[in-house]
Structures are given as structure tokens and as C-alpha cells.
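Presented below is the structure to which this report refers.
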Amino acid sequence: MVELADVQRQARELSEEDRKGLVAYLLHGFSDAPMGASDEEVELRDAEMDSGVITPISHKEFLDQVGRVK
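The sequence shown begins at 4 in the working numbering and counts up by one.
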């Protein structure tokens, strides 16, 4: 049987592009993997920004608010 630690070690040696491919492959295997926002959700958020109901924030502000700095 393959050990998780071995797979993790091998994955670290992959190029970034290959790691992205591996992640996509693994996520595709989950039936409940998040697929992103629906078209309806995108349209609703776009309309909210256009109407001024909400104030958009930058990507940096978002990362700061969720506690992740890039």
C-alpha cells in the first residue's frame, strides 16, 4: 500500500504546473467538491456592486480581512 507521506514527498518534487494538475485531479474525485459560484450568484453580486448596495474591496483588503497576507 502507498503511504501518504511518500505521496506528499513526491508531490513536493513536482513542478507547480504538475501540482496544479494533481490538485485538479484529486478535487475532481470528490462528489461534493466546491465548483465555484453559480451564474446566478455572480449576476447577483455584480448587480449589488453596480447598484452601490455594497462597496467592493481589493484582493489585498480581502486577504487582510481573512487573515492571509500574500
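Where is the CB? At the ideal position from N, CA and C, for every residue including glycine.
| said: Tell me the rounded alpha-carbon separation between L7 and D21. | reply: Translated into positions along the sequence shown, residue 7 becomes position 4. Translated into positions along the sequence shown, residue 21 becomes position 18. For L7 and D21, the distance between alpha carbons rounds to 18 angstroms.
| Alpha-carbon to alpha-carbon, F65 and M52 | Taking the sequence shown and counting its residues from 1, one reaches residue 52 at position 49. Taking the sequence shown and counting its residues from 1, one reaches residue 65 at position 62. Taking C-alpha positions only, M52 is separated from F65 by approximately 16 angstroms.
| Three-way DSSP call (helix, strand, coil) for R12 in this model | Within the sequence shown, residue 12 is the residue found at index 9, counting from 1. Here R12 sits in helix by DSSP.
| said: Just checking G39 against the ligand ZN - is the residue's beta carbon closer than 8 angstroms to any of the ligand's heavy atoms? | reply: Questions concerning the ligand ZN fall outside what the structure shown contains, since it holds no ligand whatsoever.
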